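Numbering (our numbering), first residue to last: 177 to 655. Shown next, in structure tokens, is the structure this report addresses.
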Ligand code: GLU
């Protein structure tokens, strides 16, 4: 079988974590099976349409490295890939259903339909429109909604994730196929498109599972083969049992990107949110995922969203890229994440800073807060010095004296590189009989006035002799 999958987002502006996962699994399956993935823009709900949202979807997929084989930009044999441009195709299929007596134009005004719904609510019985089907229906013409004429019966099907499914006639109804504005509903358009485009696997959120019997009825009425159904489990909020929503602290994918989450980490994290290969492996490259992906290991229960895990994975990916591909590979990804003051420095210097700090980063935007003292003089804060837990015991004059000794020791160094610096620091420990925590905290604070900094000899090396000694002197003078 030539596997054809699709990602069919609606351009509504906000790209939720769950939307993206619905692109990742079809991508992985298509590549695992040497098939193809289609990108189709489901833009027939004109009320929810947001200008620029399609570009946002394309950018997000490109950023994650999820290239599509057919769709906007790249084109393909099934163009157009925007549903709003396929109206004629849906109308053609609609006419087939009218001819076979399986669709009817419904002039019933919405107020009337609401009244029916309320009646049912009052009687506490489920509302089924087919019980209110109008006796006389006009010819179908623009401005009148078109409805499917349901044939209530049992359905059975297999969902690759949820297993054997069975439903009774009560779930089948006269669903709307074409709206008043002439655009098809999702329910109708996706059936036509999936069939026209030769989609073999319909992979989408489990929220569509309950509507599947109505889709099966449509496939039957149109004489179309059923695709393979793959329902993807819900992504759950960090606590409780509800679906992850905007309010649960999860950012949109582009916000994570702008905060310095790497696409590799995002892909890795989301692919494992509801799928695993049964091993303890946590770090997966895209190639690993493609190789190992299989439908039978998609879980059928909700997958809990865990931002801490995403950020941990991001830290792992930052180290992995640096360690395996080198400083430059990671540096290329840091543009836009440095503090503004770094603009005055060249790439080589920034790359040196990155090389000593990368293993402390959770996201690339941590660079902004963690590196400013490499680019501008830190503000001397004697309180921070005096109140430091390792320095509290010493008097101010003792601290001053220690700093002066450090300056004199380091000034005499001929070679300002990490090993000789470490040697000098060790000698200084012996000469002053201080504990490393005390002496090194003092030097570290005087150099950076930051809560963290990399190893002292590395910080000194990157800052350079002149700057380092000037900072130590400045603090010695201030206390
Ligand atoms: N346009 C639908 C959505 O964004 C797609 C569902 C599907 O994949 O069929 O939810």
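No residue lacks a Cβ here, since even glycine has one placed at the ideal position from N, Cα and C. Remember, predicted model here, so these are calculated numbers, not experimental data.
Just list the residues that DSSP pairs residue i with in beta bridges.
{"i": "residue 303", "result": "Residue 303 is not bridged to any residue."}
{"i": "residue 411", "result": "479"}
{"i": "residue 354", "result": "322 and 360"}
{"i": "residue 335", "result": "339 and 405"}
{"i": "residue 628", "result": "Note: residue 628 sits in no beta bridge, so no partner."}
{"i": "residue 280", "result": "323"}
{"i": "residue 247", "result": "251"}
{"i": "residue 388", "result": "Note: residue 388 sits in no beta bridge, so no partner."}
{"i": "residue 181", "result": "213 and 377"}
{"i": "residue 258", "result": "217"}
{"i": "residue 239", "result": "Beta-bridge pairing links residue 239 to no other residue."}
{"i": "residue 611", "result": "Per DSSP, none; premise fails for residue 611."}
{"i": "residue 419", "result": "412"}
{"i": "residue 451", "result": "474"}
Is the CB-CB distance between residue i and residue j below 8 Å?
{"i": "residue 194", "j": "residue 420", "result": "yes"}
{"i": "residue 539", "j": "residue 437", "result": "yes"}
{"i": "residue 527", "j": "residue 503", "result": "yes"}
{"i": "residue 555", "j": "residue 592", "result": "no"}
{"i": "residue 214", "j": "residue 373", "result": "yes"}
{"i": "residue 644", "j": "residue 634", "result": "no"}
{"i": "residue 441", "j": "residue 506", "result": "no"}
{"i": "residue 220", "j": "residue 365", "result": "yes"}
{"i": "residue 310", "j": "residue 282", "result": "yes"}
{"i": "residue 198", "j": "residue 408", "result": "yes"}
{"i": "residue 321", "j": "residue 356", "result": "yes"}
{"i": "residue 541", "j": "residue 513", "result": "yes"}
{"i": "residue 657", "j": "residue 578", "result": "A query on residue 657 cannot be resolved here, the shown segment of the chain reaching from 177 to 655 and no further."}
{"i": "residue 411", "j": "residue 385", "result": "no"}
{"i": "residue 257", "j": "residue 241", "result": "no"}
{"i": "residue 324", "j": "residue 304", "result": "no"}
{"i": "residue 566", "j": "residue 607", "result": "no"}
{"i": "residue 447", "j": "residue 200", "result": "yes"}
{"i": "residue 377", "j": "residue 406", "result": "yes"}
{"i": "residue 224", "j": "residue 260", "result": "no"}
{"i": "residue 425", "j": "residue 483", "result": "yes"}
{"i": "residue 218", "j": "residue 432", "result": "no"}
{"i": "residue 180", "j": "residue 375", "result": "yes"}
{"i": "residue 284", "j": "residue 226", "result": "no"}
Rounded to the nearest angstrom, how far is the Cβ of residue i from that of residue j, given a contact under 8 Å?
{"i": "residue 627", "j": "residue 533", "result": "That belief does not hold up - the Cβ atoms of residue 627 and residue 533 are roughly 13 Å apart, past 8 Å."}
{"i": "residue 616", "j": "residue 639", "result": "That belief does not hold up - the Cβ atoms of residue 616 and residue 639 are roughly 15 Å apart, past 8 Å."}
{"i": "residue 208", "j": "residue 466", "result": "5 Å"}
{"i": "residue 604", "j": "residue 576", "result": "Residue 604 to residue 576, Cβ: 15 Å. No contact."}
{"i": "residue 182", "j": "residue 216", "result": "6 Å"}
{"i": "residue 495", "j": "residue 535", "result": "6 Å"}
{"i": "residue 418", "j": "residue 445", "result": "Not a contact, Cβ separation roughly 20 Å."}
{"i": "residue 326", "j": "residue 306", "result": "5 Å"}
{"i": "residue 537", "j": "residue 491", "result": "6 Å"}
{"i": "residue 453", "j": "residue 473", "result": "6 Å"}
{"i": "residue 414", "j": "residue 480", "result": "7 Å"}
With a threshold of 8 Å between beta carbons, is residue i in contact with chain B?
{"i": "residue 435", "result": "The chain inventory of the structure shown lacks chain B, comprising one protein chain alone."}
Check whether the Cβ of residue i lies closer than 7 Å to any heavy atom of the ligand SAM, and answer yes or no.
{"i": "residue 362", "result": "As for the ligand SAM, it is missing from this structure, which binds only the ligand GLU."}
Item to check | Three or more C-beta pairs below 8 Å linking the stretch 399-415 and the stretch 456-465 | outcome: no
Checklist entry - Would you call the stretch 242-253 and the stretch 267-275 in contact, with 3 or more CB pairs under 8 Å? => result no
Item to check | Validate contact between the stretch 549-569 and the stretch 619-635 using beta carbons, cut 8 Å, 3 pairs | outcome: yes
Next on the checklist: Check whether the stretch 284-301 and the stretch 332-348 are in contact - that is, three or more C-beta pairs closer than 8 Å.
Outcome noted: no
Item to check | beta strand (DSSP E) runs contained entirely in the stretch 454-525, provided each spans 3 or more residues | outcome: The DSSP assignment places no complete run of the beta strand (DSSP E) inside the stretch 454-525 (cut-off: 3 residues).
Item to check | Length-filtered (4 minimum) alpha helix (DSSP H) runs lying within the stretch 529-602 | outcome: 542-546, 558-562 and 572-587
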